[in-house]
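Protein chains in written order, with the working numbering: chain A, 7 to 282; chain B, 7 to 282. What follows is a single structure, written as structure tokens, with notes after it.
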């Protein structure tokens, strides 16, 4: 890096590779130097950068975020990165600090922002939700403000959103399980689904919850719907064979024996979605 | 603004109200000046600001995001702000641009990142999802890369996450409806729910989907579960009265006549959650 101008004995200016103009200060940094001489980097104490649009915007936005919130966001993300073994975008620290600042403000004004997906975050992204709860507690320690669980849910969503890739085995399994079942249904009934269809989305939500339970090795021991199974099977002769294929698919791929209760639920969703 | 140090005839340093150190240059700006003198603002030509760690990091991150993605993010958020009538945090433009950059990279490397909550976003935040689809199309126009719907879901989540307050009437109604029903169940059965309980979360998901349908004025015309209602009612004598209260609550507050089919579903969830 070369000196462009010697401003005084302790101050020089230079231009970075990125074409940004900077002023450097440090004791003796400009002493007996001329333009074109190399900057003695060891002497540099402070760097001042020409304020450009990006800098101005950065300031504008961040002016309102107390520095403590950046530390909190950083701690949450470091904790999440370790805990989840996931790569998170560095950008997240800004978005999360910003979110925390607004969340604290909302709480102080008693204007909470409910999270419509709190339950789904909790069930489908439980590890990220734990990190959100960690964040909620950290914010409380730092500010004395207790945030609602909805905000833990939002923090979890920030973590989900900042993932660079999905390497969670659980997520992959959930998708393999739901995708496999949807394929069996499509083939068995010779249908395609409209992605916007309400009942199709309900079926997928059901399958994801089922997958979660299967992956946690919790089978449904209640007996509420099981007795309905014969009546459901009578509604369409294709239901039985498709359920049988699903049973085999879960056994072979996930070593899971589907219960009669779960079969009845699946039958019910099939009847609904296919209007049988 | 007062001079802190005169560096040379054309250069002075000062400290802003925000405590940030800046160096100002301009012809004659330091000439015959002393510390404590006012800065002659008319002479200021360039502003150099002390580069803090956070800004350095910020710059580092933004170097990797092509400017076109900032424009795309900006367009999506402006569109969303108008379309939703919502206030969104300015910070979102960075997080969204960053997300788009990674999404395009993932797509080019054929390493998609599935969105486990795609269906729930689509059903619970349909307007935000529309904005996500707008973003998906915009990115395709700008880059020629077609992103999967999962990424439209992520963009929708960025919008949800960047809301400063929730002013959606729909969201408020969904929460009033689900909250009201949960209260009736708690009182009717004299119970409290464990927020982490699987069946409790399933009940809430069910109620939110029911709420969506009620608010769209779509009633469930299928007849799959209705016949089970008498058998369900027999399992516990409290079920009937609680369902009756829910029926009245929906009629009075949402002018909605619950169907026999929906009553049967509710009964089923109650049996499950209360292990009746």
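Beta carbons are placed, not taken as given, at the ideal position from N, Cα and C, and that holds for glycine.
query: DSSP three-state assignment for residue 29(B), whether helix, strand or coil; result: strand
query: C-alpha gap between residue 253(B) and residue 267(B), whole angstroms; result: 12 Å
query: Presumed contact (8 Å Cβ cut-off) between residue 110(B) and residue 54(A), rounded CB distance; result: Their Cβ separation, rounded to whole angstroms, is 35 Å, which puts residue 110(B) and residue 54(A) out of contact at 8 Å.
query: From 239(B), 123(B), 137(B), 108(B), residue whose alpha carbon lies closest to that of residue 162(A); result: 123(B)
query: Cβ-based burial, residue 164(A) [other Cβ within 10 Å; buried from 16]; result: buried
query: Proximity test, Cβ basis, 8 Å: residue 126(A) and chain B; result: yes
query: Nearest to residue 237(A) (by Cα), restricted to the options 43(A), 120(A), 277(A); result: 277(A)
query: Close beta carbons around residue 272(A), own chain, < 7 Å, minus the five adjacent residues each side; result: 249, 252
query: CB contact check: residue 193(B) to chain A, cutoff 8 Å; result: no
query: Contact set between residue 117(A) and chain B, taken where Cβ atoms lie within less than 7 Å; result: 171
query: Chain-ordered residues of the region 225-246 of chain B with a beta carbon less than 7 Å from chain A; result: 228, 230, 231, 234
query: Buried or exposed (CB count within 10 angstroms, at least 16 for buried), residue 227(A); result: exposed
query: Contact set between the region 88-108 of chain B and chain A, restricted to residues whose Cβ is under 8 Å from the partner; result: 95, 96, 97, 98, 100, 101, 104, 105, 108
query: Closer than 8 Å at the beta carbon, the chain B residues around residue 53(A); result: 56, 57
query: Opening and closing residue of the alpha helix (DSSP H) in which residue 160(B) lies; result: 155-167
query: Nearest residue (CA-CA) to residue 9(A), options 24(A), 46(A), 26(A), 188(A); result: 46(A)
query: Start-end ranges of the alpha helix (DSSP H) lying completely within the region 81-157 of chain B, minimum 4 residues; result: 98-114, 124-130, 132-149
query: Sequence-distant residues of its chain with Cβ nearer than 8 Å to residue 244(A) (five each side left out); result: 194, 195
query: Beta-carbon neighbours of residue 215(B), restricted to chain A and to distances below 9 Å; result: 204, 207, 208, 211
query: Inter-residue Cα distance where the pair is residue 180(A) and residue 154(B); result: 18 Å
query: Cβ contact (3+ pairs, closer than 8 Å) linking the region 212-219 of chain A and the region 8-22 of chain B; result: no
query: From 41(B), 34(B), 40(B), residue whose alpha carbon lies closest to that of residue 48(B); result: 34(B)
query: Interface residues of the region 23-35 of chain B facing chain C [CB-CB below 9 Å]; result: Included in the structure are the protein chains A and B, with no chain C among them.
query: Alpha carbon of residue 204(A) to alpha carbon of residue 213(B), nearest angstrom; result: 14 Å
query: Test: residue 78(B) CB closer than 8 Å to a CB of chain A; result: no
query: Identity of the residue in 112(A), 75(A), 197(A) nearest residue 144(A) by Cα; result: 75(A)
query: Sub-8 Å separation of residue 101(A) and residue 97(B) beta-carbons; result: yes
query: Residue 104(B) versus residue 223(B) - alpha carbon distance; result: 39 Å
query: Cβ neighbour criterion (16 or more within 10 Å) applied to residue 22(B); result: exposed
query: Min CB distance residue 39(B) to chain A below 8 Å; result: no
query: Under 7 Å by beta carbon: chain B residues contacting residue 72(A); result: Within chain B, no residue comes near residue 72(A); the closest Cβ sits about 12 Å away, beyond 7 Å.
query: Segment contact, 8 Å Cβ cut-off, at least three pairs: the region 83-90 of chain A with the region 122-140 of chain A; result: yes
query: Residue range of the unbroken beta strand (DSSP E) whose run includes residue 14(A); result: 11-14
query: CA nearest to the CA of residue 68(A), picked from 106(A), 95(A), 42(A), 225(A); result: 106(A)
query: Amino acids of chain B, ordered along the chain, whose beta-carbon sits closer than 8 Å to that of residue 177(A); result: 120, 122
query: Nearest candidate by alpha-carbon position, reference residue 32(A), set 19(A), 40(A), 24(A); result: 19(A)
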